[in-house]
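Protein chains: 2
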Amino acid sequence: MEIGRPYSRLLQRLEKLNTLSAHDRQLIAELPLTVANFSANEEVVRHGESPSRCTLVLGGFLYGHKRVNGSRRQITSFFVPGDIADLHTLHLAPLDHSLSTLGPAVVAFMPHAAFREMLDRSPQLAEAFWRDTFIRLAILREWVTNLGRRDAIARVAHVICELALRLQRVDLAQDLCFSIPWTQTDLADACGISNVHANRVVQELRRLGLVEWDSRKVRIRDWDAVTKIADFSDEYLQLGGPAKRDPLLGQKVSEHA
Amino acid sequence: MEIGRPYSRLLQRLEKLNTLSAHDRQLIAELPLTVANFSANEEVVRHGESPSRCTLVLGGFLYGHKRVNGSRRQITSFFVPGDIADLHTLHLAPLDHSLSTLGPAVVAFMPHAAFREMLDRSPQLAEAFWRDTFIRLAILREWVTNLGRRDAIARVAHVICELALRLQRVDLAQDLCFSIPWTQTDLADACGISNVHANRVVQELRRLGLVEWDSRKVRIRDWDAVTKIADFSDEYLQLGGPAKRDPLLGQKVSEHA
DNA sequence: CGACCGATTGACACAGCTCAAATGAAGTGG
DNA sequence: CCACTTCATTTGAGCTGTGTCAATCGGTCG
Numbered sequence: 000m001e002i003g004r005p006y007s008r009l010l011q012r013l014e015k016l017n018t019l020s021a022h023d024r025q026l027i028a029e030l031p032l033t034v035a036n037f038s039a040n041e042e043v044v045r046h047g048e049s050p051s052r053c054t055l056v057l058g059g060f061l062y063g064h065k066r067v068n069g070s071r072r073q074i075t076s077f078f079v080p081g082d083i084a085d086l087h088t089l090h091l092a093p094l095d096h097s098l099s100t101l102g103p104a105v106v107a108f109m110p111h112a113a114f115r116e117m118l119d120r121s122p123q124l125a126e127a128f129w130r131d132t133f134i135r136l137a138i139l140r141e142w143v144t145n146l147g148r149r150d151a152i153a154r155v156a157h158v159i160c161e162l163a164l165r166l167q168r169v170d171l172a173q174d175l176c177f178s179i180p181w182t183q184t185d186l187a188d189a190c191g192i193s194n195v196h197a198n199r200v201v202q203e204l205r206r207l208g209l210v211e212w213d214s215r216k217v218r219i220r221d222w223d224a225v226t227k228i229a230d231f232s233d234e235y236l237q238l239g240g241p242a243k244r245d246p247l248l249g250q251k252v253s254e255h256a
Numbered sequence: 000m001e002i003g004r005p006y007s008r009l010l011q012r013l014e015k016l017n018t019l020s021a022h023d024r025q026l027i028a029e030l031p032l033t034v035a036n037f038s039a040n041e042e043v044v045r046h047g048e049s050p051s052r053c054t055l056v057l058g059g060f061l062y063g064h065k066r067v068n069g070s071r072r073q074i075t076s077f078f079v080p081g082d083i084a085d086l087h088t089l090h091l092a093p094l095d096h097s098l099s100t101l102g103p104a105v106v107a108f109m110p111h112a113a114f115r116e117m118l119d120r121s122p123q124l125a126e127a128f129w130r131d132t133f134i135r136l137a138i139l140r141e142w143v144t145n146l147g148r149r150d151a152i153a154r155v156a157h158v159i160c161e162l163a164l165r166l167q168r169v170d171l172a173q174d175l176c177f178s179i180p181w182t183q184t185d186l187a188d189a190c191g192i193s194n195v196h197a198n199r200v201v202q203e204l205r206r207l208g209l210v211e212w213d214s215r216k217v218r219i220r221d222w223d224a225v226t227k228i229a230d231f232s233d234e235y236l237q238l239g240g241p242a243k244r245d246p247l248l249g250q251k252v253s254e255h256a
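Which chain is which? The protein sequence lines are A and B, in order. Mapping to numbering that gives the first Met the number 0: the first sequence position 40 is 39, numbers consecutive. Mapping to numbering that gives the first Met the number 0: the second sequence position 124 is 123, numbers consecutive.
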C-alpha cells in the first residue's frame, strides 16, 4: 500500500473541489496526523461513540454501515483513499452508524480541534469541505434511488460503476479496473440484496461479458453496456471540478438568471 | 397556511443547530426573499438546472426526486416548512435531481450572493448550515437502510415516524398527528414499493390500529408499536439540539479521549 | 352529468429470499 | 508437506413478498 505523503490523495481530491492556495496546502500539510493500521473487518469507529477526531483513509477501504433489528446489515457508504469517512463527527455526536475496514487499511486520525482551527484560517478549505459534504449527499441520493427503484443486476452494476470512477479520480483504477478487498456479501449488503443473489448477479454480469471479478479484482469490460444496465450517469459525482469563478468578482458565475 | 414572519420556522430550526446571537438573527431577517406560490405537483426546480438562488419552504411540502430509466420515480427527500430544500446549489451545479411540490406550497427564494454574504459575516450561521447538511446526510443514510433492509410495512411506518418528528419540531404536528397532502403513490415512491402495495400496507397499519390515515391526515395511534414495527430510533434526526460547548474554551466538549 | 383522480380489490406472475449442502481456496500447525 | 479449519463462492430447491395488470368504487370539480 504505497501512500506517499499521507495527505497527498486528500489534497488531490480537494484541488478538484476548490482552488487552493499554497497557504491552504500548507495548512493541510501541517495537520497533526496519527497514523493507524487496521486489519480486515475491524470496526474503526463504533455506532454511539462521540470521537474527537476525524478519520482520513490513506490506504485500503472503509465502509459505513447500520444494522436493522440489530442484525441485518446495510452498508451506506464506501470510503476510498483520500476520503474523510466521518467528517460529520466535527458537528454531530454521537455517531449514527459504524465505520469498518473492508480489508486491511491504513488511516490517519486528525483531532477535531486542529481541524477546526485549519477551517477557521482558510475559507477556501472550509468551502471545499462543505462542498465535499454536498457531494456525499448527492451520492446518497443516488444510493436511495438505486435501492428503491432498480433491480438487483442494475444495483450491483451501479455500485461498481461508481467505485470505478471514484477510484479513477485518485489514480487507484486504470482502464476501469480496480482492486478492492470486498466479498460478495459486502456487495450484497451495499445493494440491499442477499449474498446468494449477489452471487447470481455477479455470475450473470460475467456471463454477459460485461464485468470480470476474480478475487478482489474487478474489471469493467464494456463501459457502455454496463452503464446502460445500471442506468448510470456520472453527473452526481461532480467530477467536473470546481465551479468556475469570475476572477474579477471572486464569486461563482451562475449560469442562470 | 399561516406563515408569520417568513423566516420564523427557519430560525426556529437554526436555533436548535447552533447558538445564535441577535446579530445572527438580524442577518437572517435581512435576507432578501422572493415569495412564490405553487400549486400541487409543480416542479419548483428542475433536474439539470443551475439556479442562482436557494429555496426555503414557508408552507406546504416539497420533495426531491430522481427518475430511473426516465420513468420510474424515486423520492429521495421530503422538505417541510423551515427547510432549505436545495442548499447544495450554493456549491454544486447542475442539479442532480428535481424539486416538486406535494400539494400547494409557498416558498421563498434567496439569492446565492446574499446568502453567501450572510455566511461570510457569521461563522455561527455558517456552522449551523453545515451542521444542517450533516443532518441531511444522516437522514439519507437512514433512508438507504430503510430501502435496503426493511420490508414494506416497516419502510412505510419508518417514513411516517420521521415526518411526525420533523413536523413536531416546527410545530406542525401535535400528538403525533399531522396533515400532509400526499397520495399513497407518493408514499410508495418514497419507500421504493408499488402504489398497490403501499395501499395494502396502509390498510394493514390501519387494521392493526397503529395508524389513522384519512385523506391527507395522518395520526400515529400507538407510537411504541409503530416504532417497533419500523425499527425506528430518532437518534439520526439529531433532535437533541446543538452539542454542548465549554463556555470557557468556546469549543465542543468531547465525550471521548 | 361527465371526467378525472385516488383508493381499493382480485388474480396471477416472478424476482429475489431462505435454507441447506457442496465445492474451492487459503491459511495454520504439526 | 499433509491434515484440518475457516471462509468465500457456488448450486439447488422451494417459498413468499411484492409487482403488474385490470377492473371497480368513490369523491370532487367544472
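Glycine included, each C-beta is placed from N, C-alpha and C at the ideal position.
Check                                                                                                                                                                   : Outcome
Using the three-state DSSP reduction, which class does B/Lys15 fall into: helix, strand or coil?                                                                        : coil
Over the uninterrupted alpha helix (DSSP H) stretch that includes B/Pro122, give me the two end residues.                                                               : 122-148
Would you say B/Leu98 lies against chain A (beta-carbon separation less than 8 Å)?                                                                                      : no
Answer yes or no: does any C-beta atom of chain B fall closer than 8 Å to that of A/Leu136?                                                                             : yes
Cβ closer than 8 Å: which chain A residues qualify as neighbours of B/His87?                                                                                            : Phe133, Leu136, Ala137
Three-state secondary structure (DSSP) at A/Gln237?                                                                                                                     : coil
For A/Val43, which residues in the same chain have their Cβ closer than 7 Å to its Cβ, ignoring the five residues on either side in sequence?                           : Phe37, Thr54, Leu61, Leu98, Ser99, Thr100, Val106
Grouping DSSP H, G and I as helix and E and B as strand, with all else coil, what is A/Thr182?                                                                          : coil
Should A/Val225 be labelled buried (16 or more other beta-carbon atoms within 10 Å of its own) or exposed?                                                              : buried
Ordered along the chain, which non-local residues of its own chain (more than five positions away) have a Cβ less than 8 Å from that of A/Val169?                       : Arg8, Gln11, Arg12, Val79, Pro80, Gly81
Run through chain B and tell me which residues come within less than 7 Å of A/Val62, C-beta to C-beta.                                                                  : For clarity, residue 62 of chain A is Tyr in the given sequence; the question names Val instead. Simply none; closest approach about 12 Å.
List the whole-angstrom C-beta distance separating B/Thr18 from B/Gln123, where the pair is believed to meet the contact cut-off of C-beta under 8 Å.                   : 7 Å
Closer than 8 Å by C-beta to B/Leu26: which residues in its own chain qualify, once you throw out the five before and the five after it? Chain order, please.           : Met117, Arg120, Ser121, Leu124
Run through DSSP, which three-state label would A/Asp82 get?                                                                                                            : coil
Buried or exposed: A/Lys65, going by 16 or more other Cβ atoms within 10 Å of its Cβ?                                                                                   : buried
Name, please, each residue of chain A whose Cβ falls closer than 8 Å to the Cβ of B/Leu91.                                                                              : Arg130, Phe133, Ile134, Ala137, Gln237, Ala242
Taking 8 Å as the CB-CB cut-off, is A/Glu234 touching chain B?                                                                                                          : yes
Compile a chain-ordered list of the residues in the region 39-60 of chain B whose CB is closer than 8 Å to at least one CB of chain A.                                  : Glu48, Ser49, Pro50, Ser51
Helix, strand or coil for B/Gly249? Go by DSSP, reduced to three states.                                                                                                : The pLDDT assigned to B/Gly249 is 40, lower than 50, so where the model puts this residue is not dependable, and the model offers no usable value.
Quick one: is A/Asp85 buried, meaning 16 or more other Cβ sit within 10 Å of its Cβ, or exposed?                                                                        : buried
Going by DSSP, which residues form a beta bridge with A/Gly63?                                                                                                          : A/Ser76, A/Leu98
Which residues in the same chain as B/Leu248 place their Cβ atom closer than 7 Å to its Cβ, once the five residues preceding and following it in sequence are excluded? : Per-residue confidence for B/Leu248 stands at a pLDDT of 42, beneath the threshold of 50, marking its modelled position as unreliable; the derived number appears in the next sentence. Hits under 7 Å: none found.
Tell me the rounded alpha-carbon separation between B/Val217 and B/Ser178.                                                                                              : 6 Å
In this structure, does DSSP put A/Met0 in helix, strand or coil?                                                                                                       : Here A/Met0 scores only 47 on pLDDT, less than 50, and its place in the model should not be relied on; the value that follows carries that caveat. In this structure, A/Met0 counts as coil in the three-state DSSP scheme.
For B/Leu110, write down the residues that DSSP places opposite it in a beta bridge.                                                                                    : Residue 110 of chain B is actually Pro in this sequence, not Leu. In DSSP, B/Pro110 forms a bridge with B/Arg52.
Is the shortest distance between the beta-carbon of B/Lys15 and the beta-carbons of chain A less than 8 Å?                                                              : no
If we ignore side chains and look at the alpha-carbon of each, how far apart do A/Val210 and B/Arg220 end up?                                                           : 50 Å
Below 8 Å on the Cβ atoms is my contact criterion, and I expect A/Leu136 with B/His111 to pass it. Report the Cβ-Cβ distance as a whole number of Å.                    : So it is not a contact: roughly 17 Å between Cβ atoms.
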